[in-house]
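Reviewing the structure listed below.
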Amino acid sequence: MQERFRQVAVILNRVVQPGDILYSSKGWSTFLVGHVGIVGEDLRIYHSHPRGAFADSLPSYISRHKFGGALTLLRPKQGGLAAAVWARENIKMVEKYIFHPALDNIGANYCSKFIWQAFFATDVGDITGWRLANTQKHWIFPFQVKNSSSLEPILLVSIEQKSS
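Residue numbers (our numbering): 32 to 195.
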């Protein structure tokens, strides 16, 4: 599996840009709900995770997928760099991983809400297309980020499961 992680990192390193979103498919590696992280301008992957707030290198991020799955690389149509900067500057404000619906609360956060906040804080605004504001209470799910019309799918790469 380690060799496959390395291969996936090589593939993604060729195309990844600041502001890109990595969507991890639903499966055991993502607790069956999917996961999203944003590429910072330093090319680290910023994400809120059940074990805390992280700024992973690309290989470290990929290695979190111990049970396989697929990664979809999504590219913002606008505002990617600004969202990447916001993510780097605000990841340290995430105090607790919790499905808290207040969209303006950075401290109590989860993966897809953090991505939504990164774009909302820039000129892009609400990437769900639901006309949400940060003063509202609402859930943001990973599939909503993946299906956003503000993001363009660039690449889908499989991370094979461990073989017996």
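Where a beta carbon is used, it is the ideal one built from N, C-alpha and C, also for glycine. Just so we're clear, the structure is a prediction, and the values are computed from it rather than from any experiment.
Please identify the residue among the options whose C-alpha is closest to the C-alpha of residue i.
| i | options | result |
| --- | --- | --- |
| residue 76 | 167, 166, 146, 190 | 146 |
| residue 104 | 132, 81, 168, 54 | 54 |
| residue 68 | 46, 167, 93 | 93 |
| residue 134 | 87, 160, 170, 49 | 170 |
| residue 175 | 165, 166, 160 | 160 |
| residue 154 | 143, 181, 40, 167 | 181 |
| residue 39 | 95, 50, 49 | 95 |
| residue 33 | 177, 144, 117, 91 | 91 |
Helix, strand or coil for residue i? Go by DSSP, reduced to three states.
| i | result |
| --- | --- |
| residue 90 | helix |
| residue 130 | coil |
| residue 179 | coil |
| residue 164 | coil |
| residue 84 | strand |
| residue 63 | For residue 63, the predicted model reports a pLDDT of 44, less than 50, meaning its position is unreliable and no value from the coordinates is stated. |
| residue 46 | helix |
| residue 76 | strand |
| residue 149 | helix |
| residue 39 | helix |
Check for me: the beta strand (DSSP E) holding residue i runs from which residue to which?
| i | result |
| --- | --- |
| residue 171 | Careful: residue 171 lies outside any beta strand (DSSP E) and carries neither H nor E. |
| residue 70 | 66-70 |
| residue 137 | Counting along the chain, residue 137 falls outside any beta strand (DSSP E), and DSSP gives it neither H nor E. |
| residue 106 | 100-107 |
| residue 53 | 52-55 |
Say whether chain B places a C-beta atom closer than 8 angstroms to the C-beta of residue i.
| i | result |
| --- | --- |
| residue 136 | Among the chains in the structure shown there is no chain B, since it carries only a single protein chain. |
Please work out which residues of its chain come closer than 7 angstroms, Cβ to Cβ, to residue i, disregarding the five sequence neighbours upstream and downstream, and give them in chain order.
| i | result |
| --- | --- |
| residue 183 | 105, 106, 108 |
| residue 157 | 151, 163 |
| residue 167 | 134 |
Taking Cβ to Cβ, would you say residue i is nearer than 8 angstroms to residue j?
| i | j | result |
| --- | --- | --- |
| residue 73 | residue 119 | yes |
| residue 66 | residue 173 | yes |
| residue 127 | residue 111 | no |
| residue 101 | residue 149 | no |
| residue 43 | residue 188 | yes |
| residue 190 | residue 46 | no |
| residue 86 | residue 52 | no |
Near residue i, what residues of its chain come up, given a Cβ to Cβ distance below 6 angstroms and the 5 sequence neighbours on each side ignored?
| i | result |
| --- | --- |
| residue 140 | 79, 125 |
| residue 179 | 158 |
| residue 81 | 128 |
| residue 142 | 66, 67, 78, 79 |
| residue 165 | 134, 135, 151 |
For the alpha helix (DSSP H) holding residue i, just list the boundary residues, first then last.
| i | result |
| --- | --- |
| residue 186 | Premise fails: residue 186 lies in the beta strand (DSSP E), 182-190, not in any alpha helix (DSSP H). |
| residue 112 | 111-121 |
Keeping to the same chain, check which residues put their C-beta closer than 8 angstroms to that of residue i; ignore five residues upstream and five downstream.
| i | result |
| --- | --- |
| residue 83 | 125, 128 |
| residue 71 | 49, 77, 86, 115, 116, 118, 119 |
Just to confirm, does residue i get its C-beta within under 7 angstroms of one of the non-hydrogen atoms of the ligand SAM?
| i | result |
| --- | --- |
| residue 177 | The ligand content of the structure shown is nil, which means the ligand SAM is not present either. |
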